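Number of protein chains: 2
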Amino acid sequence: MTSFKHRRSLEEVFLTLLSIPSPSGKENQIAEYIRQYAESLGFEVREEVEDPSLGETGNLVIHSFTSFPPHEEPVVLVAHMDTVPIPLEGKVPLIMEEDLIHTGGVSPLGADDKAGVALALHVLEKVSKEPETYTPVEVVLTVREEQGCLGARHFSPSRIRARKGICLDGETPIGTAIVQSPTKWKYTIQVQGKSAHAALNAEEGVNAILHACRIGAALPTGLLDPSTTANIGIVEGGTSINVVPDRCTIKGELRSFEEARLLFWREEITKQVEEATNGNKYRTPGSVSPDKLFPQSSISWELAYPGYTLNKEEPLLNRFQLGCQTLGLTPQFLSSRGGGDANYFNAKGIPSFVLGLGMEGIHTSSERYRLSTLHEAARLLEQILCSGTGPITFLNDSPIG
Amino acid sequence: MTSFKHRRSLEEVFLTLLSIPSPSGKENQIAEYIRQYAESLGFEVREEVEDPSLGETGNLVIHSFTSFPPHEEPVVLVAHMDTVPIPLEGKVPLIMEEDLIHTGGVSPLGADDKAGVALALHVLEKVSKEPETYTPVEVVLTVREEQGCLGARHFSPSRIRARKGICLDGETPIGTAIVQSPTKWKYTIQVQGKSAHAALNAEEGVNAILHACRIGAALPTGLLDPSTTANIGIVEGGTSINVVPDRCTIKGELRSFEEARLLFWREEITKQVEEATNGNKYRTPGSVSPDKLFPQSSISWELAYPGYTLNKEEPLLNRFQLGCQTLGLTPQFLSSRGGGDANYFNAKGIPSFVLGLGMEGIHTSSERYRLSTLHEAARLLEQILCSGTGPITFLNDSPIG
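Chains as they are written, first to last, in numbering that gives the first Met the number 0: chain A, 0 to 400; chain B, 0 to 400.
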C-alpha cells in the first residue's frame, strides 16, 4: 500500500500519475492509486462496474460530502484516467526541463488527462481540509475516453447528486472554457460487387472498388459550412490484384453545431450512396448486359456523441468568469469542433463546460506540459469552487456568437 | 531413405506427392522425395540455389540423357512443386471415391501441380527403361509458381540444353494446349494529401481518399477490348475517421495479348493519374485557397510476366496434335488469359506450350482430380514424346484465331 500519511503536493501527485501507464482499457493500476489516495483523505470511492465490456476497470465515483443535502448544490468534476496508446512498454519516460515535462519525443506524455485527474484529487484534498470553504464536489474519473468516451457514455447520472459539472480535460489555454461542441455521427458505406478472376472471366465481375470510388468522388468532405465538417476517413477494398473485388468499405464522419445542418448533410451523403445504388447499375466495359443485382451499396449511421451549447448565463460559467478575473485572466468562451466526456455529461442532463488546462501537443509524442500551468489551473479551479460565490455579470467579449 | 527398389506406379507416385505438403516457399520435403526418386532411376538432380531469396529450396533440374549431343533435340518438361496455401497443418486429407480424389472440401488438393510433377517423373521412368524410344527430356521442377512464378522467373536457361518445352500445368481438359498468354503488368497508384484533424482544422487538410476516388472512378477496369483486361484490385487509405487521410493506394493490373493495346491502355491509365495530379489541384470545400502542393499522385508499373503467342507450326505442337489423334482426342489450341511458368520459359527463349491436364477447382477447397485423367494425360505425353515422330499437317479446326 502506498502511504499517503504525509500529504503529497499537487506536483507529486501529477508526476506519480504520469509515471503509471494507463492506456485505454488498462486503467486498473492508476485507478488503484487514485482509490488509495482518495480513501486516505477519508472519502469513499465507488467503482461503476456494471458494464464488463468496458474493460478491467470501471468509472470511479467519489463524493466529497457525507451530509445530505450538502450545504450547497454540488458540482461534479470529470476527468479521464486513460491515455492514448503508449508505444513503449512499461513507464513513460519523464524529462523535466525547468517546469516543462516531456518524454523526449518518444511517447505521448499523458498529461491528457492526468493533469485533469491531478486537479480533481487536488480539489478533494482542499475540500477534505476546509469543507465549508468549497462548493461540495463529486468526482467522476472515467475510463476509455480516448476510445470514444466509452466510460462517459455508460455513466449513470443517478450515481451522483450534482447537476452541473466541469470537465477537467481542455487542451485550450488557462482562462478558456469550452461551452459548445458539435454532434458527431459516424458513417459506414458498404459496396458489394461480384467477384471474378481479373482476366479469365473479367466480364462476369462487378468491381466494388470502382463503384466505391464513384461514390467517394462525390461525397461531401472537409468544411461543408461554418457549422459543419465531414471527413472521408478510411477506405478499404479488395484482396488481390487478380481478383475483381466484391467488397469495398468507406468510413467517415459528419459533425455540426446545428442539428438542421447535420440533417441536411446527412441526407446529402445518404443520397449520394443511394443514387449510386438505385437506377445506376453501371455497365462493366465489355459485359454483355448491365448486372441487375450488383453493385449494391448501403450506408449506416451511428451517433458518436451528442453535441451541446451551454447557456452562457449558467451560474457555473459566471463563477468561471469571476475566477479568471480574480486571477487577472481574460475569460474566454470557446466553441470546439471536437468532443469528449463533456458531450455525454451534457446529454445526460448535467450541463458541463470543459475547463482549458493549457495542454500542448496532445496525442503525439511531442506532448508536453508545464507545472506552472498546472498550478495556474489549480488556482483557477479553487476560485471557481470557492463556496457561496454569487453569479456575476455576463461578459460580452467572448468570441462565441 | 524411401526405397524405390521396386518401381512405383504413376498413381502411387501421385498419391505420395499429394500427401507431402508443399505450400510455396516450403518445397524442401517434396524436393527431397523427388530427388531420391530421380536418383533411384540413375539420373542426377541439380538444385538451382543461386538465389537464397527463393526460400529453402531452389528449382530442381534433371537431365535424362548422359551422351552429348543426345540422339535428338531434347524437350524440357516443366512443373511446379509448390501449391497454394494449405489451411490445415500437416498433411492434406485424401479422399478417394472410385477414381476421384478430393479433400472433402477442407483444403486445396494440390493436384495443381502435383499431377504435373507426377507426369514428369513418369516420363523419367519411361525414359530410364527405354531411352531410345523417347525424345531425350530434361525436367525442371520450379518453386513458388503460385507466388508469381518466382522460381521460373529466376531460372537460368543455360542449365538445360532443350530449346522447346511443355509445361505440365494446364487446368484445361486433356486434348488442349495453351499456346497464347497475355503480358501482364501490375500498377500501384499512390496519392498523397495533407493530414489534418477531421474537424479542428479540417480546412487545412487535403483528403487523399477523395482524390484517389476521383482517380479510381475514371480508371479503365474489366474487359477493355477483345485482347485486353484491367482490374482495380485493392484500395487502401486512412487510419481513423477523425483524421483527414494523407495517403491512399490503389493497386491493379493490366494484361493484353497485343503489345500495342497494352501500351495504349497503359498510357490511358497513366494519363488518368497524371491529369488528376497536374493542373487539377482540387479545392477543399471551405478552404481559403486550393493547396498548391497537394494532392500529389503517381503511378508505378511493374512487369508481372511477359506474354507469348506460339507459332502453330512448332514441331512440338504438331506432335501434340498427332498424339491427340492417336488417342482419339480432338486437339485444341487455346488462348489463356492467365499466366504461369510457361510465360517465363517462352520469354527466356524456350518456346513452351501448356498441356491441359484436366484439373478441377484449382486454388479452392473443392479441388479434385481423377486418376483416369492422370492416366489419359500420361498416355498423351508418352505419344508426344515418342522419339522420331515427324511433323504432321497442321489442323485448321483450332479455336485460336
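Even glycine gets a Cβ: it sits at the ideal position worked out from N, Cα and C.
Note that the coordinates shown come from a computational prediction; the quantities given were computed from them, not determined experimentally.
Any C-beta of chain A under 8 Å from that of residue 407/B: Here chain B has residues from 0 to 400 only, and residue 407/B is not among them.
Using a cut-off of 7 Å between C-beta atoms, extract the partners of residue 247/B located in chain A. Working through the second sequence from its first residue, we reach residue 247/B at position 248. Within chain A, the residues near residue 247/B are 234.
Neighbourhood of residue 12/B by C-beta, 8 Å cutoff - its chain only, sequence neighbours within 5 removed: Numbered from its first residue, the second sequence carries residue 12/B at position 13. Around residue 12/B: 36, 117, 120 and 121.
For residue 142/A, which of 135/A, 132/A and 154/A has the nearest alpha-carbon? Taking the first sequence and counting its residues from 1, one reaches residue 142/A at position 143. Of the listed residues, the one whose Cα sits closest to residue 142/A is 154/A.
To which residues of the same chain is residue 245/B closer than 7 Å at the C-beta, ignoring the five residues directly before and after it? What you label residue 245/B is simply residue 246 of the second sequence in a count that begins at 1. So the qualifying residues of the chain are 191, 192, 193, 194 and 207.
Going along the chain, which residues of the region 237-266 of chain A sit with their C-beta nearer than 9 Å to a C-beta in chain B? 237, 238, 239, 240, 241, 242, 243, 244, 247, 249, 250, 251, 252 and 254
I'd like the list of long-range same chain contacts for residue 305/B, defined as Cβ closer than 8 Å, with 5 residues on each side in sequence excluded. The sequence position of residue 305/B within the second sequence is 306, counting from 1. Here the set comprises 182, 342, 343, 345 and 346.
Here's the rule I'm using: 16 or more other beta-carbon atoms within 10 Å means buried, otherwise exposed. How should residue 250/A be labelled? For the purposes of this step, residue 250/A is identified with residue 251 of the first sequence, where counting begins at 1. When all chains shown are included, residue 250/A counts as buried.
Contacting positions in the region 322-343 of chain A - beta carbon closer than 7 Å to chain C: Any reference to chain C falls outside this structure, whose protein chains are A and B.
Any chain A beta carbon closer than 8 Å to residue 346/B: Here residue 346/B corresponds to residue number 347 of the second sequence, with the count starting at 1. False, the Cβ-Cβ gap to chain A never drops below 8 Å.
Between residue 113/A and residue 17/A, is the Cβ-Cβ spacing less than 8 Å? Within the first sequence, residue 113/A is the residue found at index 114, counting from 1. Within the first sequence, residue 17/A is the residue found at index 18, counting from 1. Against a cut-off of 8 Å, the Cβ pair of residue 17/A and residue 113/A comes out as a contact.
Residues of chain A with a CB under 7 Å from the CB of residue 215/B: which are they? On the second sequence, position 216 is the one that residue 215/B refers to. The answer, in chain order, is 208, 209 and 212.
Tell me, to the nearest whole angstrom, how far the beta carbon of residue 233/B is from that of residue 214/B; I am working on the premise that it is less than 8 Å. Taking the second sequence and counting its residues from 1, one reaches residue 233/B at position 234. Taking the second sequence and counting its residues from 1, one reaches residue 214/B at position 215. So it is not a contact: roughly 14 Å between Cβ atoms.
Taking 8 Å as the CB-CB limit, is residue 230/A close to chain B? Here residue 230/A refers to the residue found at position 231 of the first sequence. Yes, because at least one Cβ of chain B sits closer than 8 Å to the Cβ of residue 230/A.
Report yes if the C-beta distance between residue 352/B and residue 165/B is below 8 Å; otherwise report no. Within the second sequence, residue 352/B is the residue found at index 353, counting from 1. Within the second sequence, residue 165/B is the residue found at index 166, counting from 1. Yes, the pair counts as a contact, with Cβ atoms nearer than the cut-off.
For the candidate residues 52/A, 203/A and 170/A, whose alpha-carbon lies nearest to that of residue 408/B? Residue 408/B falls outside the range modelled here, since chain B spans only 0 to 400, and no answer is possible.
Whose Cβ in chain A lies nearer than 7 Å to the Cβ of residue 125/B? Position 126 of the second sequence, counted from the start, is the residue given in the question as residue 125/B. Ordered by position in chain A, no residue passes the 7 Å Cβ test against residue 125/B, which lies about 33 Å from the chain.
Hey, does residue 9/A have any beta-carbon neighbour from chain B nearer than 8 Å? If you number the first sequence from 1, residue 9/A lands on position 10. No, no contact with chain B.
Could you say which of 216/B, 310/B and 235/B lies nearest to residue 272/B if we only look at CA atoms? In the second sequence, the residue the question calls residue 272/B occupies position 273. Per the Cα distances, 216/B.
Comparing alpha-carbon positions, which option in 355/A, 361/A and 364/A lies nearest residue 377/A? What you label residue 377/A is simply residue 378 of the first sequence in a count that begins at 1. Of 355/A, 361/A and 364/A, the residue nearest in Cα terms is 355/A.
Using a C-beta cutoff of 8 Å, does residue 198/A count as contacting chain B? Numbered from 1 along the first sequence, position 199 holds the residue referred to as residue 198/A. Answer yes: the Cβ-Cβ gap between residue 198/A and chain B drops below 8 Å somewhere.
Would the region 312-323 of chain A count as touching the region 146-161 of chain A if we require 3 or more Cβ pairs under 8 Å? no
Whose CA, out of 30/B, 22/B and 255/B, lies closest to the CA of residue 201/A? Numbered from 1 along the first sequence, position 202 holds the residue referred to as residue 201/A. Comparing Cα-Cα distances from residue 201/A to each of 30/B, 22/B and 255/B, the minimum goes to 255/B.
8 Å is my cut-off, CB to CB: does residue 128/B come that close to chain A? On the second sequence, residue 128/B is found 129 positions in, with the first residue counted as 1. Cβ-Cβ to chain A under 8 Å: no for residue 128/B.
Looking at the structure shown, is residue 197/B part of a helix, part of a strand, or coil, going by DSSP? Position 198 of the second sequence, counting from 1, holds the residue named residue 197/B. Coil, per DSSP.
In the structure shown, what three-state DSSP assignment does residue 323/A receive? For the purposes of this step, residue 323/A is identified with residue 324 of the first sequence, where counting begins at 1. Note: residue 323/A maps to helix in three-state DSSP.
Based on the DSSP output, what are the partners of residue 255/A in its beta bridges? Here residue 255/A corresponds to residue number 256 of the first sequence, with the count starting at 1. Bridge partners of residue 255/A: 182/A and 227/A.
Of the choices 337/A, 101/A and 218/A, whose alpha-carbon is the least far from that of residue 178/A? Working through the first sequence from its first residue, we reach residue 178/A at position 179. Of 337/A, 101/A and 218/A, the residue nearest in Cα terms is 337/A.
Name the chain A residues that come within less than 8 Å of residue 185/B, Cβ to Cβ? In the second sequence, residue 185/B corresponds to position 186, counting from 1. Chain A residues near residue 185/B: 240.
Since residue 332/A is in the beta strand (DSSP E), which residue starts that stretch and which ends it? Looking up residue 332/A in the first sequence gives position 333. Run containing residue 332/A: 331-334, per the beta strand (DSSP E) assignment.
Given that a residue counts as buried once 16 or more other Cβ atoms are within 10 Å of its Cβ, and exposed if not, what is residue 363/A? Residue mapping note: residue 363/A aligns to position 364 of the first sequence, counting from 1. By the 10 Å Cβ count, residue 363/A comes out exposed.
State the CB to CB distance for the pair residue 26/B and residue 81/B, rounded to an integer number of angstroms; the pair is presumed to be in contact (CB under 8 Å). Counted from its first residue, the second sequence places residue 26/B at position 27. Counted from its first residue, the second sequence places residue 81/B at position 82. With a Cβ gap of about 5 Å, residue 26/B and residue 81/B count as contacting.
Between the beta-carbon of residue 275/B and the beta-carbon of residue 297/B, is there less than 8 Å? The residue labelled residue 275/B in the question sits at position 276 within the second sequence. The residue labelled residue 297/B in the question sits at position 298 within the second sequence. Not a contact, by the Cβ cut-off of 8 Å.
Beta-carbon proximity check, residue 74/B vs residue 384/B, cutoff 8 Å: The count along the second sequence starts at 1 and reaches residue 74/B at position 75. The count along the second sequence starts at 1 and reaches residue 384/B at position 385. Contact: yes.
Starting from the N-terminal side, write out each stretch of the beta strand (DSSP E) that is 3 residues or longer and does not extend beyond the region 48-132 of chain B. 58-62, 74-79, 94-96 and 99-101
Look up residue 288/B in the DSSP assignment and say whether it is helix, strand or coil. Numbered from 1 along the second sequence, position 289 holds the residue referred to as residue 288/B. Per-residue confidence for residue 288/B stands at a pLDDT of 48, beneath the threshold of 50, marking its modelled position as unreliable; the derived number appears in the next sentence. Here residue 288/B sits in coil by DSSP.
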